[in-house]
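Enquirer: Below is the structure I would like to discuss, written out as structure tokens.
Number of protein chains: 2
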Amino acid sequence: MSEKTRPLRTDARRNRERVLSAAEAVLAREGSAASMRAVAEAAGVGLGTIYRHFPTREALFAAVMSTRMLQLAELSGELSEAADAGAAFFEFFTAVVDNAGRMRAVADALADAGVDVKTDSSDVSGAAAALRTALGTLLERARQHGRLRPDLHLPEALALLAAMCLAAERHQWDPAPRDRALAILFDGFRPR
Amino acid sequence: MSEKTRPLRTDARRNRERVLSAAEAVLAREGSAASMRAVAEAAGVGLGTIYRHFPTREALFAAVMSTRMLQLAELSGELSEAADAGAAFFEFFTAVVDNAGRMRAVADALADAGVDVKTDSSDVSGAAAALRTALGTLLERARQHGRLRPDLHLPEALALLAAMCLAAERHQWDPAPRDRALAILFDGFRPR
Numbered sequence: 001m002s003e004k005t006r007p008l009r010t011d012a013r014r015n016r017e018r019v020l021s022a023a024e025a026v027l028a029r030e031g032s033a034a035s036m037r038a039v040a041e042a043a044g045v046g047l048g049t050i051y052r053h054f055p056t057r058e059a060l061f062a063a064v065m066s067t068r069m070l071q072l073a074e075l076s077g078e079l080s081e082a083a084d085a086g087a088a089f090f091e092f093f094t095a096v097v098d099n100a101g102r103m104r105a106v107a108d109a110l111a112d113a114g115v116d117v118k119t120d121s122s123d124v125s126g127a128a129a130a131l132r133t134a135l136g137t138l139l140e141r142a143r144q145h146g147r148l149r150p151d152l153h154l155p156e157a158l159a160l161l162a163a164m165c166l167a168a169e170r171h172q173w174d175p176a177p178r179d180r181a182l183a184i185l186f187d188g189f190r191p192r
Numbered sequence: 001m002s003e004k005t006r007p008l009r010t011d012a013r014r015n016r017e018r019v020l021s022a023a024e025a026v027l028a029r030e031g032s033a034a035s036m037r038a039v040a041e042a043a044g045v046g047l048g049t050i051y052r053h054f055p056t057r058e059a060l061f062a063a064v065m066s067t068r069m070l071q072l073a074e075l076s077g078e079l080s081e082a083a084d085a086g087a088a089f090f091e092f093f094t095a096v097v098d099n100a101g102r103m104r105a106v107a108d109a110l111a112d113a114g115v116d117v118k119t120d121s122s123d124v125s126g127a128a129a130a131l132r133t134a135l136g137t138l139l140e141r142a143r144q145h146g147r148l149r150p151d152l153h154l155p156e157a158l159a160l161l162a163a164m165c166l167a168a169e170r171h172q173w174d175p176a177p178r179d180r181a182l183a184i185l186f187d188g189f190r191p192r
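See below:
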């Protein structure tokens, strides 16, 4: 059986999660040159443990990315039933921007390894399409609840989301200035 | 005397301007691979005329860029005395975003030629600092006139300007969706 289909024992699953979260932290700190050895040290496991879960450095980084995408998808599912539809839309928008800032190093590492995440990884491009759909669902619901301006449509919202994601990727915003910038933008999204 | 200090005769100046505007159009159409020959054809002048004004392709593209920057600086000067301080701020913000969309091909052409406009060209980085100062002046004046929210400060405004410029560079926005996105953002800038 492949690693994907075999149910992992609890300790193996815990190790896998620990390696993934260590990899994300090491990538954020050291950028796309982060080594498997540095990830092993940060996770407190041996190199052998890492390679048992992830046969290559690229497989590890791709897993970091798809785990994040999965978390965003789960979040959008929860938020689509939240009582405050406006807050739900804004929370998801913020989570995607936050994610873009974190994923920069991951995307760079994959690109360095010859994997263009925009075109090569069907997992990631499928996840991006899922994010667009999720944003559309949350936007529609928030607008119906009167929490967004009636003339706000998905194309503008996606363009503004892309702009904020590009800035987050490029400038590695700290949370405080990023949240001030988002607060201003979100006031523009609200009905007047 | 250098080309910079010698006063150009009227027909020479007209040719120079025609070459610059043709170069911008050709760069926008053909991207950073645009040739001097294509620029000469678009301008309706001979190759010799181009090379008399601009000894290299890089010199031509750098001149396209600094001409644009100069136009923005002139615009900010005019706008700093406009009757409607709010409209002046929004007009300048829009002009900078518009400029970023056009300059993508120019910046790419220079980078392809080994000129990193962010670090190598003191002309361009000086112009960028001047743009930041100009935005700060227009923002301060618009806020004092009560046309911007009192808690809008230059760092957030610059971060949002950078975000919109990155999106304009990347996506080569058409004016209509770009203006819808900016209108939403500008409503966020206004006092409620």
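Keeping their order, the protein sequence lines are chains H and F.
Residues in the first sequence are numbered from 1 upward in steps of one, following the UniProt record's numbering.
Residues in the second sequence are numbered from 1 upward in steps of one, following the UniProt record's numbering.
Here a beta-carbon is modelled for each residue, glycine too, at the ideal position from N, C-alpha and C.
Could you tell me how far apart the beta carbons of residue 96 of chain H and residue 131 of chain H are, in whole angstroms, since I believe they sit closer than 8 Å?
Expert: Right, their Cβ atoms sit about 6 Å apart.
Enquirer: To the nearest angstrom, how far is it from the Cα of residue 38 of chain F to the Cα of residue 23 of chain H?
Expert: Going by the C-alpha atoms only, they are around 49 Å apart.
Enquirer: Checking contacts by CB at 8 Å: is residue 194 of chain H closer than that to chain F?
Expert: With chain H covering 1 to 192 only, the question about residue 194 of chain H has no answer from this structure.
Enquirer: My understanding is that residue 92 of chain H touches residue 135 of chain H, with C-beta atoms under 8 Å, so please give their C-beta distance in whole angstroms.
Expert: Confirmed, Cβ separation roughly 7 Å.
Enquirer: Contact criterion: CB-CB distance below 8 Å. Does residue 145 of chain F meet it with respect to chain H?
Expert: No - not a single Cβ of chain H is within 8 Å of the one on residue 145 of chain F.
Enquirer: Are the C-beta of residue 185 of chain F and some C-beta of chain H separated by less than 8 Å?
Expert: So yes, residue 185 of chain F belongs to the interface.
Enquirer: In this structure, does DSSP put residue 157 of chain H in helix, strand or coil?
Expert: In the structure shown, residue 157 of chain H sits in a helix (DSSP, three-state: H, G or I).
Enquirer: Helix or strand or just coil, what does DSSP make of residue 1 of chain F?
Expert: Low confidence applies here, because residue 1 of chain F scores a pLDDT of 47, under 50, leaving its location unreliable; read the following figure in that light. Coil.
Enquirer: If you reduce the DSSP assignment to three classes, tell me which class residue 172 of chain H lands in.
Expert: If DSSP states are grouped into helix, strand and coil, residue 172 of chain H belongs with coil.
Enquirer: So which residues on chain H does residue 175 of chain F lean against when the C-beta distance must stay under 7 Å?
Expert: Result: empty, since nearest Cβ-Cβ is about 13 Å, beyond 7 Å.
Enquirer: At 4 residues or longer, what runs of the alpha helix (DSSP H) sit wholly inside the UniProt domain "HTH tetR-type" (13 to 72) of chain F?
Expert: 36 to 43, 47 to 53, all fully within the UniProt domain "HTH tetR-type" (13 to 72) of chain F.
Enquirer: Return helix, strand or coil for residue 87 of chain H, following the three-state DSSP convention.
Expert: If DSSP states are grouped into helix, strand and coil, residue 87 of chain H belongs with the helices.
Enquirer: Taking just the CA atoms, how far does residue 49 of chain F sit from residue 193 of chain F?
Expert: For chain F, the structure presents residues 1 to 192; residue 193 of chain F sits outside this window and is missing.
Enquirer: Are residue 184 of chain F and residue 156 of chain H close, meaning C-beta to C-beta below 8 Å?
Expert: Contact: yes.
Enquirer: For residue 102 of chain H, which residues from the same chain have a beta carbon less than 8 Å from its beta carbon, with the 5 sequence-adjacent residues on both sides left out?
Expert: Excluding residues within five positions, the ones whose Cβ falls inside 8 Å are 24, 28, 68.
Enquirer: Answer with buried or exposed for residue 47 of chain F, where buried requires no fewer than 16 other C-beta atoms within 10 angstroms of its C-beta.
Expert: Flag for residue 47 of chain F reads exposed.
Enquirer: With a cut-off of 8 Å, does the C-beta of residue 135 of chain F fall near any C-beta of chain H?
Expert: Not one chain H Cβ lies under 8 Å of residue 135 of chain F.
Enquirer: Are the beta-carbon atoms of residue 88 of chain F and residue 79 of chain F separated by less than 8 Å?
Expert: A contact, by the Cβ cut-off of 8 Å.
Enquirer: Measuring straight from C-alpha to C-alpha, what distance separates residue 55 of chain F and residue 20 of chain F?
Expert: Spanning the two alpha carbons is a distance of roughly 13 Å.
Enquirer: Please report the Cβ distance between residue 8 of chain F and residue 16 of chain F, rounded to the nearest whole angstrom; I am assuming they are in contact, meaning their Cβ atoms lie under 8 Å.
Expert: That belief holds up - the Cβ atoms of residue 8 of chain F and residue 16 of chain F are roughly 6 Å apart, short of 8 Å.
Enquirer: Along the stretch 140 to 165 of chain H, what residues have a CB closer than 7 Å to any CB found in chain F?
Expert: Listed by position, the residues of the stretch 140 to 165 of chain H near chain F (Cβ gap below 7 Å) are 152, 155, 156, 159, 160, 162, 163, 164.
Enquirer: With DSSP run on the structure shown, which of helix, strand or coil describes residue 177 of chain H?
Expert: The answer is helix: DSSP assigns residue 177 of chain H an H, G or I state.
Enquirer: Mind checking whether residue 76 of chain F and residue 138 of chain F have CB atoms under 8 Å apart?
Expert: For residue 76 of chain F and residue 138 of chain F, yes; Cβs fall inside 8 Å.
Enquirer: Residue 42 of chain F and residue 64 of chain F look like a contact to me (Cβ under 8 Å); what is the Cβ gap, rounded to whole Å?
Expert: In fact, because the Cβ distance is near 13 Å, the residues do not count as touching under 8 Å.
Enquirer: Rounded to whole angstroms, how far is the Cβ of residue 162 of chain H from the Cβ of residue 171 of chain F, which I believe are closer than 8 Å?
Expert: Sure, about 7 Å apart at Cβ, within 8 Å.
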